[in-house]
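J.: Residues 2 to 358 in this note's numbering are what the sequence shown spells out, letter by letter.
Glycine included, C-beta positions come from ideal geometry on N, C-alpha and C.
Below is a structure I'd like to ask you about.
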Amino acid sequence: MNKDDLEINVMMFGGRRCGKTSVLAAMQSCFENQFGKGNFIISTADTETLFAIEDKKEEILAYFQDKGKKRSFVPDQNPTENIMNYKFYISLKHKHNGRIIINFIDYPGEWLSNQNKIKELEALMKESHIILVAIDTPHLMEGIGNTDPDTLGKFNNKRNYCGIISNMLKNNFSLGSEEPKKMILFIPLKCEKYYNKNQMDQVSHKVKKAYETTFNYLDGPNKKYCEVAITPIFTLGCVEFNCFLRDEEGEIILDPNWKTPKEASYIFTDPIADKPNPKYCEQPLIYILCYIFERAREAKTRSAKKNSLFQNIAYLIGETFLKMPSAKDFINESKNIKEVLKKTGDGYTIINNPLDF
């Protein structure tokens, strides 16, 4: 890494085959579409990230073959097998020094049920500034059997590992006046069906219910130390959940190892669609950039006041960022970023807002 660069660690949590890697591929494309003609540049920082993202894009495009037929498919057939670090550069046109490197840490979802791997995940969490919790929305919403808004999907906890994630956050994602302010985004995925049915408020409500102990931890005294939001994204747009595969007797077929539905079928809402129509996929990255800019402003303010706490690790990101040659230019661009930050509607909810997004 160049000495003028700022690196931010983002850890992605989520169960097996929930679509974490697809998020990154869609996020890069959507951010490029949103800002590519402006002053921002997004690019992969190494060939490993480049090839992984391109492979995922090809996998997604393969779903769109046989245009004009009633199509269904099972997504995420190639889950992550090893821990991956996806690095992206965020830079400014005509500026050659000072980039933001966002390091996304992805891991096999199966590790959340492997006691031998939990320690490794806990160590990575302690080094992270931001946590993204990817949520498999059909598992959160389906198989309920009643209309109670507080009832969660039958396979939710086994798929989304809500309890395990909550416990890991409490033990390893330290918050307080002696720590940097941090951020957690809860990101419902595969939720096109519920968007089309105007049920995104229900999705947001069930996220709060499923991760209730996590939100309790982030409330109270911790409320001022961590930015928290629910930010749904739609990676395909014209595809929605159809059903879990059932046997001849109508019972959902379960994976013998994981005790969750073996296959989830998705169908096209647009029979002639030949490519994805993603929505809001740039938003997690916009939140991340807003986090960086607001942390920098916070550090700058404390420095101006000559506050002795300025040297505290709590302002490490801001201090490092302010020393970058392009820092002033990035901060000048922050207004453009904040103007497209989505805060409400379609299931979007800011829970804690200490950075005043």
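1) Rounded to whole angstroms, what is the Cα-Cα separation between Leu125 and Asn172?
2) Three-state secondary structure (DSSP) at Glu33?
3) Are there 16 or more other CB atoms within 10 angstroms of the CB of Ala315, so buried, or fewer, so exposed?
4) Do you know offhand how far Val11's Cα is from Lys120's?
5) According to DSSP, Gly346 sits in a beta bridge with which residue or residues?
6) Can you say whether Ser178 is buried or exposed, counting buried as having 16 or more other CB atoms within 10 angstroms of its CB?
7) Which residues in the same chain have their Cβ closer than 8 Å to the Cβ of Cys291, if we skip the five residues on either side of it in sequence?
8) Measuring straight from C-alpha to C-alpha, what distance separates Lys224 and Ser266?
9) Under 7 Å Cβ to Cβ from Asp271, same chain only, skipping five residues before and after it: list those, please.
10) What three-state label does DSSP hand Ile273 in the structure shown?
11) At the level of alpha carbons, what is the spacing between His130 and Leu122?
12) Does the segment 96-104 come close enough to the segment 30-38 that 3 or more CB-CB pairs lie under 8 Å?
13) Just reading off the beta strand (DSSP E) that Tyr90 is part of, what are its end residues?
14) With C-beta atoms as the reference, is Thr232 less than 8 Å away from Leu170?
15) Can you give the beta carbon distance from Ile234 to Pro277, rounded, assuming they're within the 8 Å contact cut?
16) What is the C-beta distance between Gly346 and Ser205, in whole angstroms, given that I count them as a contact (C-beta under 8 Å)?
T.: To lay it out plainly:
1) Here residue 125 is taken as the residue at index 124 of the sequence shown, counted from 1. Here residue 172 is taken as the residue at index 171 of the sequence shown, counted from 1. Straight-line Cα distance between these residues: approximately 12 Å.
2) Within the sequence shown, numbered from 1, the residue matching residue 33 stands at position 32. Of the three classes helix, strand and coil, the one that applies to Glu33 here is helix, per DSSP.
3) Numbered from 1 along the sequence shown, position 314 holds the residue referred to as residue 315. The predicted position of Ala315 is uncertain, since its pLDDT is 45 and thus under 50; a value taken from the coordinates is nonetheless stated next. With 16 or more other Cβ atoms within 10 Å, it is buried.
4) Within the sequence shown, the letter at position 10 stands for residue 11. Within the sequence shown, the letter at position 119 stands for residue 120. Distance between the alpha carbons of Val11 and Lys120: 18 Å.
5) Within the sequence shown, the letter at position 345 stands for residue 346. DSSP output for Gly346 lists Tyr349 as bridge partner(s).
6) By 1-based counting over the sequence shown, the position of residue 178 is 177. Exposed, because fewer than 16 other Cβ atoms sit within 10 Å of the Cβ of Ser178.
7) Position 290 of the sequence shown, counted from the first residue, corresponds to residue 291. Cβ within range, chain order: Ser335, Ile338, Lys339, Leu342, Leu356 and Phe358.
8) Here the question's residue 224 lines up with position 223 in the sequence shown. Here the question's residue 266 lines up with position 265 in the sequence shown. If you take the alpha carbons of Lys224 and Ser266, they lie about 39 Å apart.
9) Taking the first residue of the sequence shown as position 1, residue 271 is located at position 270. Correct list, in chain order: Cys239.
10) Start at 1 with the first residue of the sequence shown, and residue 273 comes out as number 272. Looking at Ile273 - three-state DSSP - the assignment turns out to be coil, as it is neither helix nor strand.
11) By 1-based counting over the sequence shown, the position of residue 130 is 129. By 1-based counting over the sequence shown, the position of residue 122 is 121. If I take the Cα positions, the gap works out to 14 Å.
12) no
13) In the sequence shown, counting from the first residue as 1, residue 90 sits at position 89. It spans Met85 to Leu93 - the beta strand (DSSP E) in which Tyr90 sits, taken as one unbroken run.
14) To locate residue 232, count along the sequence shown from 1; it is residue 231. To locate residue 170, count along the sequence shown from 1; it is residue 169. For Thr232 and Leu170, no; Cβs fall outside 8 Å.
15) What you label residue 234 is simply residue 233 of the sequence shown in a count that begins at 1. What you label residue 277 is simply residue 276 of the sequence shown in a count that begins at 1. Contact flag wrong, Cβ pair sits at about 12 Å.
16) Numbered from 1 along the sequence shown, position 345 holds the residue referred to as residue 346. Numbered from 1 along the sequence shown, position 204 holds the residue referred to as residue 205. About 10 Å; that fails the 8 Å criterion.
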